[in-house]
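Residue numbers (my numbering): 935 to 1223.
Printed below as a string of structure tokens:
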């Protein structure tokens, strides 16, 4: 089979599950990864033959995709903030919105020089794959980043990420186990930044989600009870009271339906920020007390 033939057939097969444009993007990524070719290869060399060994790998990957298995789990990695991170089943796949949140934090701090004489500490609550913690550590040279999670699998993945920076060695984040619904562990330092993408999808919103999420991604990292949608934000509010320095900042990803409620919970100094699609998606809180 040729490159073009594989793309045409695979896009047609996957279009039963995904919109055609999304299916094509997934197929091109598969082709590029398994054949170690640039993503435009099927255009620049459409008649290039796929070997039997290459075809076997591609067929296996396509079989997984047609079972709704997420592309990131099939490949074993995802890209976030210009870097590549390992992901496995049982660990939440980073979302574009979280990448936006990373950009907001970096932009806010880009003109701030970190004082080498004073600790600058960042806490990522519910770190998952560690993509946000590692990315912040790579971008904010001089900061000490901490990341916690209730999932042992997530912490194992986060701890094994290999992240590089073009400017200097990346200061390795400190990862530790914690349940955000309980008080934070003793011995943590005061934090200048606390960031979190907690579970915020309502149980009643399950019907709007695809099987690639429902059948494969960890439910505890996604869903919150309909009768207590602010469950994790109330917990984060308690953590903030104990851990955030005066003048420190919190950044939280939110369900678009509850921006004002989360803002009211944190009180003065809180701003609701919109995502690239114009939806209420983040809350920024500055501790002015």
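For glycine and all other residues, C-beta sits at the position ideal for the given N, C-alpha and C.
Assign residue 1179 to one of three DSSP states: helix, strand, or coil. Mapped onto the chain shown, residue 1179 falls at position 245. Residue 1179 falls in the strand class under three-state DSSP.
Distance, Cα to Cα, residue 986 vs residue 1191? In the chain shown, the residue the question calls residue 986 occupies position 52. In the chain shown, the residue the question calls residue 1191 occupies position 257. Between residue 986 and residue 1191, the C-alpha separation is close to 50 Å.
List the residues that DSSP assigns as beta-bridge partners of residue 1184. Within the chain shown, residue 1184 is the residue found at index 250, counting from 1. Under DSSP, the beta-bridge partners assigned to residue 1184 are 1128 and 1219.
Compute the Euclidean distance between the alpha carbons of residue 1082 and residue 1133, then round it to the nearest angstrom. The sequence position of residue 1082 within the chain shown is 148, counting from 1. The sequence position of residue 1133 within the chain shown is 199, counting from 1. C-alpha separation (whole angstroms): 14 Å.
To the nearest whole angstrom, what separates the beta carbons of residue 1131 and residue 1205, a pair I think is in contact under 8 Å? What you label residue 1131 is simply residue 197 of the chain shown in a count that begins at 1. What you label residue 1205 is simply residue 271 of the chain shown in a count that begins at 1. Rounded, the Cβ-Cβ distance is 17 Å, inconsistent with contact.
Straight-line CA distance for residue 939 to residue 976? Residue 939 sits at position 5 when you count from the first residue of the chain shown. Residue 976 sits at position 42 when you count from the first residue of the chain shown. C-alpha separation (whole angstroms): 9 Å.
Which value, in whole angstroms, describes the spacing of the CA atoms of residue 1185 and residue 937? Within the chain shown, the letter at position 251 stands for residue 1185. Within the chain shown, the letter at position 3 stands for residue 937. Taking the straight line from one Cα to the other gives about 44 Å.
Whether residue 1109 touches residue 1092 by CB criterion (8 Å): Within the chain shown, residue 1109 is the residue found at index 175, counting from 1. Within the chain shown, residue 1092 is the residue found at index 158, counting from 1. At the C-beta level, residue 1109 and residue 1092 come within 8 Å of one another.
Give the DSSP bridge partners of residue 1207, in chain order. Against the chain shown, residue 1207 aligns to sequence position 273. Within the DSSP secondary-structure output, residue 1207 pairs in a beta bridge with 1216.
Would you say the segment 998-1015 touches the segment 1028-1043, given that touching needs at least three Cβ pairs under 8 Å? The answer is yes - the segment 1028-1043 touches the segment 998-1015, with three or more Cβ pairs under 8 Å.
Counting only the same chain and skipping the five closest in sequence on each side, list residues whose C-beta sits under 6 Å from that of residue 969. Against the chain shown, residue 969 aligns to sequence position 35. If the five residues before and after residue 969 are omitted, its C-beta is found closer than 6 Å to the C-beta atoms of 988, all from its own chain and listed in chain order.
Return the first residue and the last residue of the alpha helix (DSSP H) that residue 1065 is part of. Your numbering for residue 1065 matches position 131 in the chain shown. From DSSP, the alpha helix (DSSP H) with residue 1065 extends over 1065-1073.
Residues near residue 1178 by beta carbon distance below 7 Å, same chain, minus five either side: Sequence index remark: in the chain shown, residue 1178 carries index 244 (1-based). Shown here for residue 1178: same chain residues with a beta carbon closer than 7 Å to its own, the five before and five after excluded, namely 1125, 1128, 1184 and 1221 in chain order.
Near residue 1123, which residues of its chain fall below 6 Å by C-beta distance, leaving aside the five closest residues on each side in sequence? As a working mapping, residue 1123 is identified with position 189 in the chain shown. Hits under 6 Å: 1055.
Beta strand (DSSP E) runs wholly inside the segment 940-1020, at least 3 long, in chain order: Those beta strand (DSSP E) runs which fall completely within the segment 940-1020 and span 3+ residues are 1011-1014 and 1017-1020.
Among residues of its own chain, excluding the 5 on either side of residue 1199, which ones have a beta-carbon nearer than 8 Å to its beta-carbon? Working through the chain shown from its first residue, we reach residue 1199 at position 265. Same-chain partners within the cutoff: 1164, 1167, 1168 and 1171.
Mapping the DSSP letters down to three states, classify residue 1081 as helix, strand or coil. As a working mapping, residue 1081 is identified with position 147 in the chain shown. When DSSP states are grouped into helix, strand and coil, residue 1081 belongs to the strand group.
Going straight from the alpha carbon of residue 1064 to that of residue 1088, what length do you get? For the purposes of this step, residue 1064 is identified with residue 130 of the chain shown, where counting begins at 1. For the purposes of this step, residue 1088 is identified with residue 154 of the chain shown, where counting begins at 1. Approximately 8 Å between the Cα atoms of the pair.
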